[in-house]
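Numbering (the working numbering), first residue to last: 2 to 474. Even glycine gets a Cβ: it sits at the ideal position worked out from N, Cα and C. Below: the structure, in structure tokens.
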């Protein structure tokens with residue numbers, strides 16, 4: 002006899018199946034979460050006491066460490082001077098720069114005032130020794146050229162902050178492992194790139210370029226702070242044992258001091274990250290704006306300058322010019338591209354507008370009065386002759402005219418080492434004929450015969466004149 006299934010039994014079966022599916026899914030999800038936790042958990046593999054001893058042992062910059070630091074800085078300076086990334090990487094592999102910085106993060110994390118003091122002193126010694134070594138190297142005139150590798154270390158970028166933070170986290174985790182990860186530590190030393198900014202700071206002092214010095218030091222400080230911050234965060238996360246003081250008042254005071262320092266470092270780090278992020282975002286928006294402008298106007302843009310502090314975007318145009326209407330239109334569009342309160346500056350070929358205006362005025366006057374003087378052939382001929390004369394004068398002036406302001410601006414863009422340039426026409430005669438010779442005087446920050454010859458050839462090509470005198474200082 003068959004058993005009939007009532008609607009009530011059917012609904013009950015469906016509910017039971019739903020509960021079974023939910024239970025299975027919940028079990029799977031719990032298992033997945035447990036797997037992820039076990040995969041990423043570093044507590045069991047951490048040897049806290051040994052890690053503290055290893056970091057403390059790496060803090061002092063003396064004897065062997067000091068000599069290794071000096072020679073690694075020397076190697077890195079050579080690498081920056083010849084723009085060899087491989088040489089710079091080799092120097093970073095052997096440099097002992099991380100020790101005092103890790104000591105800072107550790108000491109704040111475990112309230113160890115003695116280690117904090119030692120870390121600060123050794124960090125100062127390390128920075129002083131590094132800058133002195135690079136200063137002595139770059140004091141040799143042969144090595145005073147600002148290469149692309151040096152220029153790249155004169156300003157921090159938001160990506161430098163992320164690299165320093167991630168590198169610091171990876172480093173302290175690698176050090177805290179029971180089995181030391183030597184390859185990881187070496188890779189982090191390369192990635193965080195603490196050494197090149199110190200070499201660049203020495204270059205800035207040797208060449209009296211304070212902009213390079215302060216920019217490189219700011220980059221080093223940003224890197225060091227975020228590495229120390231990462232160390233502090235991991236030490237707190239892994240609950241490293243705090244230093245115990247017998248004197249409760251002293252213990253409380255040191256804990257308050259460590260907390261205050263940690264708060265200052267974290268606040269400064271967050272603020273600097275925000276500033277660098279805003280600057281990086283502005284530059285990305287500016288590059289997108291310039292790309293759109295070039296695409297829509299077909300302008301021959303050969304160079305661009307983005308000044309975040311002054312909110313100014315300057316483009317240098319050769320060939321197809323951008324007229325005033327287009328410039329106004331694009332200036333009004335800047336806010337749409339995330340560039341509020343910014344100014345657009347366009348540098349392009351200038352024309353002798355005064356004589357052109359004069360010719361246009363004469364032409365307009367001629368056309369306006371043509372009907373009135375239709376029968377006065379003589380006056381018409383005079384007007385036509387005057388127009389032809391003025392046009393001839395204009396062509397002659399345009400041919401002879403030297404657009405000095407534009408030439409000087411373009412020269413400064415192409416030759417960054419150019420400090421000053423001046424121009425004059427020199428009259429020369431052999432008592433039969435008189436020639437006008439274009440003379441330029443150039444003052445350089447650093448003497449460079451190759452660049453002097455390049456400047457002369459560029460002036461000859463730019464002005465379409467083969468006879469140009471260039472006096473270099």
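Buried versus exposed call for residue i [16 or more other C-beta atoms within 10 Å across all chains shown]
i	result
residue 83	exposed
residue 129	exposed
residue 465	exposed
residue 177	buried
residue 331	buried
residue 311	exposed
residue 27	exposed
residue 125	exposed
residue 467	exposed
residue 172	buried
residue 108	buried
residue 279	exposed
residue 297	exposed
residue 283	buried
residue 115	exposed
residue 324	exposed
residue 472	exposed
residue 29	exposed
residue 73	buried
Residue-level contact to chain C via CB, residue i, 8 Å cutoff
i	result
residue 411	In summary, chain C is missing from the structure at hand, where a single protein chain is found.
Inter-residue spacing [alpha-carbon to alpha-carbon] between residue i and residue j
i	j	result
residue 294	residue 208	38 Å
residue 439	residue 429	11 Å
residue 202	residue 436	50 Å
residue 314	residue 143	35 Å
residue 196	residue 100	13 Å
residue 121	residue 265	16 Å
residue 463	residue 151	30 Å
residue 52	residue 241	9 Å
residue 344	residue 316	11 Å
residue 292	residue 34	46 Å
residue 214	residue 461	36 Å
residue 392	residue 382	15 Å
residue 64	residue 161	31 Å
residue 231	residue 106	7 Å
residue 127	residue 268	25 Å
residue 117	residue 233	12 Å
residue 427	residue 415	26 Å
residue 80	residue 37	43 Å
residue 452	residue 459	10 Å
Start-to-end residues for the beta strand (DSSP E) that takes in residue i
i	result
residue 62	First-last for residue 62: undefined, no H or E at that position.
residue 333	Not the beta strand (DSSP E): residue 333 falls in the alpha helix (DSSP H), residues 325-334.
residue 470	469-473
For residue i, three-class secondary structure by DSSP
i	result
residue 446	coil
residue 432	coil
residue 45	coil
residue 353	For residue 353, the predicted structure reports a pLDDT of 41, less than 50, and the residue's modelled location is therefore unreliable. A value from the coordinates is still provided. Residue 353 falls in the coil class under three-state DSSP.
residue 346	strand
residue 440	strand
residue 318	strand
residue 111	coil
residue 146	coil
residue 276	helix
residue 195	coil
residue 423	strand
residue 201	helix
residue 35	helix
residue 30	helix
residue 290	helix
residue 4	Annotation note: pLDDT 48 at residue 4 (below 50); position unreliable, no value reported.
residue 238	helix
Range covered by the alpha helix (DSSP H) that runs through residue i
i	result
residue 130	114-139
residue 57	49-58
residue 170	159-177
residue 210	Run containing residue 210: none; DSSP gives neither H nor E here.
residue 411	405-415
The ligand ADP heavy atom lying under 7 Å from the CB of residue i
i	result
residue 62	Ligands displayed in this structure: none; no statement on the ligand ADP is therefore possible.
> Taking one C-beta from the region 148-165 and one from the region 90-102 each time, how about it: are there three or more such pairs within less than 8 Å?
Replying inline: no
> Using 8 Å as the Cβ pair cut-off and three pairs as the minimum, do the region 162-173 and the region 220-228 touch?
Replying inline: yes
> Looking at C-beta atoms only, is the number of pairs between the region 272-280 and the region 135-142 that lie closer than 8 Å three or more?
Replying inline: no
> Would you call the region 411-431 and the region 442-458 touching, i.e. three or more CB-CB distances under 8 Å?
Replying inline: yes
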